[in-house]
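Accompanying notes for the structure given below.
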Amino acid sequence: MMRTLHLALLLAFGLALWPSTALAAPAAQPLQADPLCLPPTFAGSSSADCTPLGSYGYFQRLSQLGMSLPVRPLVAQTVDPALSDLPVSYAMVNTMSGGAVIERPVYPSLADAAAGTNPSFYIKAGESPHYVTYSAVQELDGKSYYYTNLGWMRRSDLSPAEVRRFSMGQLFDTAPTRTFGWVLEHAAGEAAPFAPYAAPSLSAPRGSTGQAAYTVLEVFDTQQVGDLSWYLVGPDEWLNSLQMRLVVPMSAPPEGVENGRWIEINLEQQSLAVYENNQMIFATLVATGLDNLWTRPGLFQIYEKHEETPMSGDFSAGIGGYYYLANVPWTMYYDQARAIHGAYWRQKQFFGFQGSHGCVNLAIGDARWVYDWATLGDWVYVHDPSGRTPTDAEFQYGEGGA
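When we follow this note's numbering, the leftmost residue of the sequence shown carries the number 119, and every step to the right adds one.
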């Protein structure tokens, strides 16, 4: 027993004297990769010694496209609403009845109009609009008669028209350098506001907040996917070429223009821009010639101006037949019968689309602004980047029309 006790004491004493050693952790290796950049809202995030991933990389890509958050609106002013006023009243001639076109009589006197006898002439029938102006309305035996720019007409042959007094023009103190455009009112069966797509694809998810009609947006990137062009208008917000019409600033004047003044008409985008001193100062939407009644591409000069003028034409062999339009305001002829002018008969939703007999139709206020700016001899540059409008020498252009 004593021997066992001695062994236990020796073992305990030996362990107490044994040197203790801890298990050492592997030596830390120095970090080889650059740290991730902080989001740009944090100080020091612009260091060149960080990796642009995550939120920093996302914001950096937006910055490279010229986009800041929140997205700033295009810096522009709108046209003075007073420029949309017109001093006359209009009425549409009812040349359509039950699907048939009907001539309407014009009389030399109120008595003749009341009796329905001795007409001076008949307004030629046609499917296209016919408009007259009127300055007086007379009641006789319970019926109304209008004194028009052509003579006396019966109220039953007329429909007083509400003139579309509006403007979509944008005025610039500093010329825009980035593409911009208007959201349309309707596109492919869909009405604005348009919820933007998260990616340039019709199958991409769409946002919950839509872009209202005629909102002016800058375009930060463009991608072509199939037949559609896609426009980046905000972070992960895409609209397509069915939903917008654009103005692409020109970096140089058209060949042949040396005085720095010209009007650009883009047939593909249905837009117009005015340049002074080689800088864009105004832009708006237009409606140009229908297919087969094309607005002719080329470089022209304004050769005649009228504060108001009547327009008429017969396109029976083309589209719409005969038309008559009284007092077409702010008219600038530049290519035979083709002119830039106000279109009091055209509703706002039809600007941004082809629709005329060859002229360049503008909203009343926009036409007035361009008319006041323009002088005889100013250049008009008409082009179609899509190449759809005929430019070959063999194509026979007519004189054009409203």
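For each residue, glycine too, the CB sits at the ideal point set by N, CA and C.
Distance, Cα to Cα, residue i vs residue j?
| i | j | result |
| --- | --- | --- |
| Glu426 | Asp339 | 42 Å |
| His424 | Thr196 | 24 Å |
| Gln388 | Gln361 | 13 Å |
| Tyr515 | Met429 | 19 Å |
| Pro503 | Glu336 | 20 Å |
| Ala218 | Ser238 | 23 Å |
| Thr507 | Arg456 | 15 Å |
| Leu180 | Val189 | 10 Å |
| Ala232 | Leu276 | 15 Å |
| Ala309 | Ala330 | 9 Å |
| Thr139 | Gln182 | Any reading at Thr139 is ruled out, since the residue's pLDDT is 42, under 50, leaving its predicted position unreliable. |
| Glu512 | Glu386 | 22 Å |
| Val498 | Arg486 | 16 Å |
| Ala401 | Ala254 | 37 Å |
What residues match up with residue i in a beta bridge as DSSP calls it?
| i | result |
| --- | --- |
| Gln178 | None; Gln178 has no bridge partner. |
| Lys261 | Leu258 |
| Ile482 | Ile482 pairs with nothing; no bridge assigned. |
| Phe471 | In DSSP, Phe471 forms no bridge with anything. |
| Pro278 | Ala209 |
| Gly407 | Ser474 |
| Met214 | Val219 |
| Glu245 | DSSP, once it has assigned bridges, lists no residue as partnering Glu245. |
| Arg272 | Tyr263 |
Sort the options by Cα distance to residue i and report the nearest one.
| i | options | result |
| --- | --- | --- |
| Gly344 | Ser215, Val334, Ser359 | Ser359 |
| Gln454 | Gln467, His475, Trp463, Thr213 | His475 |
| Val366 | Leu417, Gly216, Thr297 | Thr297 |
| Ser321 | Ala231, Trp356, Gln465, Gly307 | Trp356 |
| Tyr332 | Ile383, Ala293, Lys466, Gly234 | Lys466 |
| Gln472 | Leu183, Trp412, Gln329, Thr251 | Trp412 |
| Leu494 | Leu268, Tyr452, Tyr462 | Tyr452 |
| Met185 | Gln256, Asp291, Val351 | Val351 |
| Val250 | Asn384, Val211, Gly244 | Val211 |
| Thr521 | Ala229, Pro311, Tyr489, Gln342 | Because the chain in this structure spans residues 119 to 520, residue 521 falls outside the shown range and cannot be described. |
| Arg273 | Pro371, Ala194, Tyr208, Ile420 | Tyr208 |
Under 8 Å between C-beta atoms, does residue i make it to chain B?
| i | result |
| --- | --- |
| Phe400 | Any reference to chain B falls outside this structure, which holds one protein chain only. |
**Segments of 3+ residues assigned as beta strand (DSSP E) that fall wholly inside the stretch 413 to 463** = 416 to 419, 422 to 433, 439 to 453, 456 to 460
**Item:** Complete runs of the beta strand (DSSP E) confined to the stretch 292 to 367 [at least 3 residues]
**Value:** 298 to 301, 334 to 336, 339 to 343, 346 to 352, 355 to 358, 362 to 365
**Prompt:** Should the stretch 261 to 278 be called in touch with the stretch 477 to 485, which here means at least 3 C-beta pairs below 8 Å?
**Reply:** no
**Request:** Would you check if there are 3 or more beta carbon pairs closer than 8 Å linking the stretch 302 to 316 to the stretch 198 to 210?
**Result:** no
**Prompt:** Given 8 Å as the limit, is there contact between the stretch 236 to 251 and the stretch 212 to 226, that is, 3 or more CB pairs closer than that?
**Reply:** yes
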